[in-house]
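Everything on this sheet refers to the single structure shown next.
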Amino acid sequence: MRRMMLGILVALAGLGAAARAGDAPVRIGVTAGPVAQVVQFAATLARERGQPVEVVEFTDWVTPNEAVNTGDLDANLFQHGAFLAVQNARRGTKLVQVDPVGLIAPIGLFSRKIRSLEAVPEGASVAIPNEPLNGARGLRLLEKAGLITLAPGKGLTVTRFDVVANPRKLDIVELDPAQLYRSLDDVTLAMVNLTYLVAAGGDPNTALLIDRSADDQFVLRFVTREGHKDDPRLRRFIETFKAPEVKAFIETRLPGFVPAWPGA
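Throughout the sequence shown, residue numbering follows mature numbering (1 follows the signal peptide of the UniProt record, and there is no 0), covering -21 to -1, 1 to 243 in sequence.
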C-alpha cells in the first residue's frame, strides 16, 4: 500500500509539472519593426483565446537565434531560409523552420533623386546591403532592372566583383542594411528591404522596382530548435498566426508585405 501511495504521489507531481509547463507562455523573438507588429497582433489574439504569449524584440539579426538555441526563446520570426542556413553553418547551430508559415518581406529599388530606372545617370551611386545574402539579392535586382549584368551561375554567392557589364558605370556601394533607407539622401538609388522601409515611415508604393517574389528561400518563417517543432504551445500559437484576422492585419497595416502560408 505504501508503494502504491508513493507511486500515486509521484504521478500527481508529474501531472502538476506538466500542467505548469502547459501554462507557461510561449516566448517568441522578433526584430523591431513590421515583423514585431504582426507578431504582437497575433500574440494579442492568442491571449484573447486563452494562450499566454511573450514577444521579445531585438535590434540585431544574431541574438534572436542565440536565444532560441539556448532555450531562452521557444522560437523566433525574422529570417528567411537562406539566411538561416548561413547562420547554422557559421555558428554550428541546428535551428530549423517550424512550418510553411510566415510572411514575405519584399525588397525594392528606391530613390529620392530620380523617378524612373530609365533616368539613372551614368556614374550614379547605388547602395546595396553589405551582408552577403541580401547583397546578392540587391545585385540580382539591379540586373533585373537592366542596369548591370552578372556572371552566370553564381546564385546567392554573387558579389559586386561578379558584375560583368556595367554600361552606366554605376558606383555600387555596400552599406549596413538598416542604413540603406537613410542613404537615399546621399545616393541615387538603393535596394531597401521593406522591413526597414516601413519601420522608418517609407512608402513601398514609391519603389521604382519591387520584388514580391514568393521564392520559398526568402519567406520569413518561424524558427526553433531541433526537437522543439512539435511543442504544443508553439503549434497552438502558429495556428493563431494563420487566423484570418492576422492575414487582414498584414494586408491592411503592412503595405507591401504578403502573408505566406497555405490558404492565405
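From the three backbone atoms N, C-alpha and C, an ideal C-beta is built for every residue, glycine too.
- Nearest C-alpha to Glu153 among Ile217, Ser90 and Ile107: Ile107.
- Straight across, the Cα-Cα distance linking Arg147 with Ala124 is about 13 angstroms.
- Secondary structure note for Leu120: its alpha helix (DSSP H) is the uninterrupted segment Pro111 to Lys123.
- Taking a cut-off of 8 angstroms on C-beta distances, the region 173 to 193 does not touch the region 205 to 214, as fewer than three cross pairs fall below it.
- According to the DSSP secondary-structure assignment, Asp150 is paired through a beta bridge with Ser104.
- Per DSSP, Pro238 lies in no alpha helix (DSSP H) segment; the continuous beta strand (DSSP E) that holds it begins and ends at Val237 to Ala239.
- Per the coordinates, the alpha-carbon of Val177 lies some 19 angstroms from the alpha-carbon of Arg116.
- Pairing Leu233 with Pro31 gives a Cβ-Cβ distance that is not under 8 angstroms.
- Of the candidates Leu126, Ile7 and Ala227, Leu126 places its Cα closest to the Cα of Ala98.
- Boundaries for Ile127: no alpha helix (DSSP H) harbours it, and the DSSP string shows neither H nor E there.
- Sorting Asn109, Ile86, Thr219 and Thr167 by C-alpha distance to the C-alpha of Ile189 places Ile86 at the top.
- DSSP places Asn48 inside the alpha helix (DSSP H), whose first and last residues are Thr42 to Thr49.
- For the pair Leu159 and Met170, the CB atoms are nearer than the 8 angstroms cut-off.
- Counting C-beta pairs with one atom in each stretch, the region 45 to 58 and the region 1 to 11 have three or more that are closer than 8 angstroms, which means they touch.
- Taking C-beta atoms as the reference points, Asn172 and Ala46 fail to come closer than 8 angstroms.
- Counting of Cβ neighbours within 10 angstroms places Ala3 among the exposed residues, the total staying below 16.
- Assignment of Asn145 by DSSP, reduced to helix, strand and coil, places it in the coil class.
- A distance below 6 angstroms between beta-carbons, with the five flanking residues on each side excluded, links Ala103 to the following residues of its chain, in chain order: Leu149 and Thr167.
- Remark: C-beta atoms of Val77 and Ile217 approach each other more closely than 8 angstroms.
- The Cβ atoms of Gly60 and Arg200 lie closer than 8 angstroms to each other.
- Separation of Leu118 and Asp165 (C-alpha to C-alpha, rounded to the nearest whole angstrom) is 19 angstroms.
- Residue environment for Ser90: buried (at least 16 other C-beta atoms within 10 angstroms of its C-beta).
- CA-to-CA, the gap between Arg139 and Ile151 works out to about 7 angstroms.
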